[in-house]
Structures are given as C-alpha cells and as structure tokens.
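Before any comments, here is the structure.
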Amino acid sequence: FLDAGLIKEEKRMLRSGTVLKVNEKRLVSLLALTAIHDIMKISLLLPTLQERHAPYNGYQAGDTISDHDHALSYLMDHYPQFLPSFRELDPEERRAVHFTQCQLCFNHGWFVQAEAPPGATFTKFKDALIRDHKAQIERRDVALYFVHWLTDLAGAEPTPLGGCEKFVTKFPLEVLNSFLRSFEYVQKITDHTETEVMEEYLKIRWAEHTPSLGPVPTGDSAIAKMRILCMAQMKAERCLQGFDDLSEDDRELLNVEMSRTGTLCQCYSKDLVPQEVSTSPAGPAFLVYYGPAFLQNLGQDNPAQRLSILAEVYRRARELWPVNVAKAAQHVIIRVDMIKSLSTAQILDAMGKGDVWLMMKHNESEAFIERCSQRKLNKLIATGHHIQILDLIQPQ
Numbered sequence: 019f020l021d022a023g024l025i026k027e028e029k030r031m032l033r034s035g036t037v038l039k040v041n042e043k044r045l046v047s048l049l050a051l052t053a054i055h056d057i058m059k060i061s062l063l064l065p066t067l068q069e070r071h072a073p074y075n076g077y078q079a080g081d082t083i084s085d086h087d088h089a090l091s092y093l094m095d096h097y098p099q100f101l102p103s104f105r106e107l108d109p110e111e112r113r114a115v116h117f118t119q120c121q122l123c124f125n126h127g128w129f130v131q132a133e134a135p136p137g138a139t140f141t142k143f144k145d146a147l148i149r150d151h152k153a154q155i156e157r158r159d160v161a162l163y164f165v166h167w168l169t170d171l172a173g174a175e176p177t178p179l180g181g182c183e184k185f186v187t188k189f190p191l192e193v194l195n196s197f198l199r200s201f202e203y204v205q206k207i208t209d210h211t212e213t214e215v216m217e218e219y220l221k222i223r224w225a226e227h228t229p230s231l232g233p234v235p236t237g238d239s240a241i242a243k244m245r246i247l248c249m250a251q252m253k254a255e256r257c258l259q260g261f262d263d264l265s266e267d268d269r270e271l272l273n274v275e276m277s278r279t280g281t282l283c284q285c286y287s288k289d290l291v292p293q294e295v296s297t298s299p300a301g302p303a304f305l306v307y308y309g310p311a312f313l314q315n316l317g318q319d320n321p322a323q324r325l326s327i328l329a330e331v332y333r334r335a336r337e338l339w340p341v342n343v344a345k346a347a348q349h350v351i352i353r354v355d356m357i358k359s360l361s362t363a364q365i366l367d368a369m370g371k372g373d374v375w376l377m378m379k380h381n382e383s384e385a386f387i388e389r390c391s392q393r394k395l396n397k398l399i400a401t402g403h404h405i406q407i408l409d410l411i412q413p414q
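Per my numbering, the sequence shown runs over residues 19 to 414.
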C-alpha cells in the first residue's frame with residue numbers, strides 16, 4: 019500500500035518520528051478502478067469495434083470486443099466520457115488508472131491459476147515494463163495494479179456483503195497464499211523469459227503443495243500436471259488422480275496442448291514436455307478462459323470425465339486453428355463461460371434433450387463454447403460459420 023501511494027508516511031508535527039496517513043486522492047483512484055473494472059462482464063455493455071479504431075488488441079472492425087478487459091480498455095482509450103468516475107480523476111491519477119488497465123496488459127489470475135500459456139500471460143506485460151521503464155513510468159503505478167487485485171477479487175461478488183464473504187468463506191488461506199506467493203515471481207519477468215518465469219512458478223507450487231505430492235514431476239505430462247494443480251486449486255488432488263485415469267488419447271492431447279508456450283523461440287525444459295513440443299514449436303497456443311473455474315466446480319463429478327471434456331475443448335480448438343509453425347508466438351482464447359458452472363450431468367443432459375455443445379469461432383483470436391439446438395445448428399452450417407461439435411461420450 020505504501021509502494022502504491024495509497025498510504026503515505028509523514029513527519030509528526032510536534033514530536034519526532036513519522037505517522038502513516040491515507041492518500042485520499044490516490045484512494046479515490048483505486049475506488050474508481052474498482053467501480054469500473056468488471057462492468058464489461060455485463061454482455062449488453064460490450065462495445066463493437068469501430069472501423070476508425072481497427073485493429074484493436076486482435077479485434078477487427080465490426081467485432082464485438084468480448085474480452086471484458088479489452089472492452090473496458092477500448093472505452094478508456096476512445097470513449098472516456100462513458101466512464102465518468104474515470105474521466106473526472108485528476109490527469110495524473112487518470113494516467114495511472116489507464117496504465118494499470120490498458121498498458122500493463124497483465125491478468126494476475128491467468129498467472130496464479132496457470133490459466134494461460136506464458137506468452138498470453140507475460141509478453142505484453144514484459145514489453146510494457148521495458149517500454150515504460152524507458153519512459154520513467156512511476157513504480158507506484160505498477161504497485162497500484164497489484165493492490166487492485168484485492169478489490170478485483172471482492173468485486174467478483176456484486177454486493178458489499180458478498181465481496182466481504184469472498185475473502186472470509188470462499189477464499190481459503192492456501193489460495194490467498196498462492197496469490198501472495200506469486201508476486202515475487204512476477205517481478206522476475208524483467209530478467210527472465212516468459213517461459214522461465216512460468217516454469218519456476220509451476221515447480222514451486224508443486225513443491226509447496228500440502229499435503230506433499232512427491233517430487234516435482236518430469237516427463238511428457240509434467241507441465242500439464244503442474245498446470246492442472248494450479249487451475250484446480252482445492253480440487254487439485256482429485257483432478258490429478260483423474261488425469262491418471264484418462265484415456266491415452268486424452269492424456270497425450272493435454273500433454274501437448276498445455277505445454278505450448280505461445281512465445282517465439284521458447285520452450286519449457288525438454289524433460290517436462292512431449293518431444294514434438296520441444297523439437298518443433300508451433301501454435302497457436304490456447305487459453306481456455308474459465309478453465310480453472312471449470313475444474314474448481316468439480317463437485318461430486320468424476321474428475322476424469324471433467325478432464326476429458328477439457329481435452330475435447332482443446333481438440334475442437336485445434337481443428338479450428340490447425341498447428342502452424344508460423345503461429346508459435348500466438349495464442350487464441352477459448353471461452354467456456356457457458357459450461358464452467360455446470361456439472362458433467364447437466365452438460366450431458368442438454369445432449370439428451372436433443373441439443374449439442376459446439377465451439378464457434380467468433381474471430382481470428384476467439385471462440386466460444388455454446389449450447390445449440392438442431393435447428394440453429396443447421397442455420398450456422400448454412401451461413402458458413404466456423405464451428406466444431408463437441409464429441410462428449412455419455413457414461414454407460
């Protein structure tokens with residue numbers, strides 16, 4: 019809080035020593051950021067990219083900017099009048115908030131939960147730090163980002179009481195510690211590659227897991243297992259057991275796809291990934307958005323079945339975006355919002371009612387999992403949409 023400028027140290031007026039005081043102007047900036055940060059999770063507010071602003075963060079003219087962070091950045095860049103709490107900040111504070119949201123390009127949750135490949139997590143963030151270091155951007159603006167994740171987490175529950183309960187009843191100490199532990203690894207990005215930072219973080223998460231899971235894994239499944247541990251959080255042990263129960267095809271697919279880095283000329287250590295990944299880097303890598311939530315909502319489901327659905331998501335994505343050496347440094351976002359909170363039985367029940375689950379390509383950088391009726395499916399095929407139907411096996 020001191021580094022972020024939210025609290026300042028001042029000399030006492032009549033006695034020796036110092037006293038800590040709240041920096042009200044800076045606190046207002048944090049409150050403004052908290053107020054607007056997640057508003058674009060309301061789909062009705064998502065903006066359409068105007069032709070004069072295209073391209074923008076991988077989106078083209080006419081695209082709906084469906085990533086809530088990019089959508090907010092777009093308004094801050096081009097339509098700040100629609101965000102009065104942001105617009106009315108002092109110029110210096112407005113620049114700081116803009117930096118954390120639009121320039122820093124870092125999603126802390128993606129890193130802590132190993133939700134994204136290293137390139138998606140760190141490349142733009144690293145570029146921003148190097149670029150803005152030269153421009154002498156203040157360190158306190160970077161620190162402000164790392165403070166705001168506390169309000170970001172609380173803001174995930176849309177009421178004051180819900181936000182408080184988030185930390186008391188829904189945020190185990192082990193998970194909180196993983197967030198705090200991650201800070202020191204994020205700082206290493208200025209001196210190490212994206213993949214080196216991610217690999218070191220994955221190894222320490224495995225080594226420090228309680229109860230012990232044994233030595234850090236090696237072999238083709240190593241990165242996949244360590245990412246699943248981070249993604250599943252409190253359900254990690256069950257999901258790792260489920261991983262061992264997967265079919266060979268599903269396990270090998272997860273080994274390969276979860277080991278792609280989405281970076282140029284970078285790979286995890288060769289003893290942690292399949293040979294085809296280390297010897298022939300290719301892409302694009304996939305970021306399964308809300309993949310962690312999908313595993314954390316395991317409930318009483320069979321973990322192998324849940325992971326098999328995740329493998330099928332990767333399989334369909336690869337059909338839409340075939341392996342290409344020229345795209346090794348790219349990533350694509352696959353949104354699984356629609357199934358993240360459903361049980362396996364609920365997912366399969368939709369199929370029993372005649373619907374299908376499909377992956378629809380929205381643009382060159384995004385696809386969504388959607389529930390679709392047979393009638394709508396025929397229309398999508400007739401109108402030339404790029405889709406893949408998920409092949410989910412009903413339990414015997």
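Glycine included, C-beta positions come from ideal geometry on N, C-alpha and C.
message = Helix, strand or coil, according to DSSP, for Phe-386 in the structure here?
response = Residue 386 sits at position 368 when you count from the first residue of the sequence shown. Correct three-state label for Phe-386: strand.
task = List the endpoints of the continuous beta strand (DSSP E) containing Trp-375.
result = Within the sequence shown, residue 375 is the residue found at index 357, counting from 1. Residues 374-381.
message = Please give the ranges of any alpha helix (DSSP H) in the region 193-274, keeping only runs that are unbroken, at least 4 residues long and fully inside the region.
response = 212-225, 240-250 and 254-262
Top-ranked residue by Cα proximity to Asp-87, from Val-341, Glu-69, Arg-393 and Phe-124 = Locating residue 87 in the sequence shown gives position 69, where the first residue counts as 1. Nearest of Val-341, Glu-69, Arg-393 and Phe-124 to Asp-87, Cα basis: Phe-124.
request  = Please state whether DSSP places Thr-297 in a helix, a strand or coil.
outcome  = If you number the sequence shown from 1, residue 297 lands on position 279. Three-state DSSP puts Thr-297 in a helix.
request  = Use the C-beta contact count for Pro-229: other C-beta atoms within 10 angstroms, 16 or more gives buried, fewer gives exposed.
outcome  = By 1-based counting over the sequence shown, the position of residue 229 is 211. That one is exposed.
key: Burial state of Leu-272, where buried means 16 or more other Cβ atoms lie within 10 Å   = Position 254 of the sequence shown, counted from the first residue, corresponds to residue 272. Counting Cβ neighbours within 10 Å, Leu-272 comes out buried, since at least 16 surround it.
ask   = When you compare only the Cα positions, how much space is there between Glu-420 and Thr-279?
value = In this structure the chain extends from 19 to 414, so residue 420 is not present and cannot be described.
query = Under 9 Å between the Cβ atoms of Gly-23 and Ala-242?
reply = For this step, residue 23 is matched to residue 5 along the sequence shown. For this step, residue 242 is matched to residue 224 along the sequence shown. No; because the gap between Cβ atoms is not below 9 Å, this pair is not in contact.
ask   = Of the choices Asn-75, Leu-48 and Met-31, whose alpha-carbon is the least far from that of Val-350?
value = Within the sequence shown, residue 350 is the residue found at index 332, counting from 1. The option with the nearest alpha carbon to Val-350 is Asn-75.
ask   = So what's Val-331 in DSSP terms, helix, strand or just coil?
value = Sequence index remark: in the sequence shown, residue 331 carries index 313 (1-based). Helix.
inquiry  = Using the Cβ count rule (16 or more neighbours within 10 Å means buried), how would you classify Pro-136?
reply    = Taking the first residue of the sequence shown as position 1, residue 136 is located at position 118. Pro-136 should be labelled buried.
Residue interval of the alpha helix (DSSP H) (run including Ile-54) = The residue labelled residue 54 in the question sits at position 36 within the sequence shown. That run of the alpha helix (DSSP H) goes 42-54.
query = Which value, in whole angstroms, describes the spacing of the CA atoms of Glu-106 and Arg-393?
reply = Position 88 of the sequence shown holds residue 106. Position 375 of the sequence shown holds residue 393. Roughly 49 Å separates the two Cα atoms.
key: Rounded distance between the beta-carbons of Gly-260 and Leu-325, thought under 8 Å   = Within the sequence shown, the letter at position 307 stands for residue 325. Within the sequence shown, the letter at position 242 stands for residue 260. That pair is a contact at about 5 Å.
Beta-carbon proximity list for Asn-234, same chain, < 7 Å, skipping 5 on both sides = Against the sequence shown, residue 234 aligns to sequence position 216. The amino acid at residue 234 is misidentified as Asn; the sequence shows Val. So the list reads Lys-221, Trp-224 and Ala-225, once near-sequence residues are dropped.
query = With a cut-off of 8 Å, do at least 3 Cβ pairs link the region 275-294 to the region 341-357?
reply = yes
query = What is the DSSP secondary structure of Ala-138, reduced to helix, strand or coil?
reply = Translated into the one-based positions of the sequence shown, residue 138 becomes position 120. It is helical.
message = Rounding to the nearest angstrom, what Cα-Cα distance links Ala-138 and Glu-42 in this structure?
response = Numbered from its first residue, the sequence shown carries residue 138 at position 120. Numbered from its first residue, the sequence shown carries residue 42 at position 24. For Ala-138 and Glu-42, the distance between alpha carbons rounds to 35 Å.
task = Please classify Gln-406: does DSSP put it in a helix, a strand, or coil?
result = Position 388 of the sequence shown, counted from the first residue, corresponds to residue 406. Note: Gln-406 maps to strand in three-state DSSP.
query = Assuming Cys-248 and Ala-322 make a contact with CB atoms under 8 Å, what is their CB distance in whole Å?
reply = The residue you call residue 248 lines up with position 230 of the sequence shown. The residue you call residue 322 lines up with position 304 of the sequence shown. Not quite, the Cβ-Cβ distance comes to about 19 Å (not below 8 Å), so this is no contact.
inquiry  = According to DSSP, is Phe-189 part of a helix, a strand, or is it coil?
reply    = As a working mapping, residue 189 is identified with position 171 in the sequence shown. The answer is coil: DSSP assigns Phe-189 none of H, G, I, E or B.
task = Ignoring anything shorter than 4 residues or poking outside the region 51-114, list the alpha helix (DSSP H) runs there in chain order.
result = 86-96 and 102-105
query = Where do the ends of the alpha helix (DSSP H) carrying Lys-394 lie?
reply = Position 376 of the sequence shown, counted from the start, is the residue given in the question as residue 394. Counting along the chain, the alpha helix (DSSP H) containing Lys-394 begins and ends at 392-400.
query = Could you give the residue range of the alpha helix (DSSP H) that holds Leu-305?
reply = Reading the sequence shown from its first residue, position 287 is the one you call residue 305. Careful: Leu-305 lies outside any alpha helix (DSSP H), inside the beta strand (DSSP E) at 303-307.
query = Would the beta-carbon of Ile-399 fall within 9 Å of that of Ile-405?
reply = As a first step, residue 399 must be located in the sequence shown, where it is residue number 381. As a first step, residue 405 must be located in the sequence shown, where it is residue number 387. Yes, these two residues count as a Cβ contact at 9 Å.
message = Could you tell me the alpha carbon to alpha carbon distance between Tyr-97 and Pro-109, rounded to whole angstroms?
response = The count along the sequence shown starts at 1 and reaches residue 97 at position 79. The count along the sequence shown starts at 1 and reaches residue 109 at position 91. The alpha-carbon atoms of Tyr-97 and Pro-109 are separated by roughly 16 Å.
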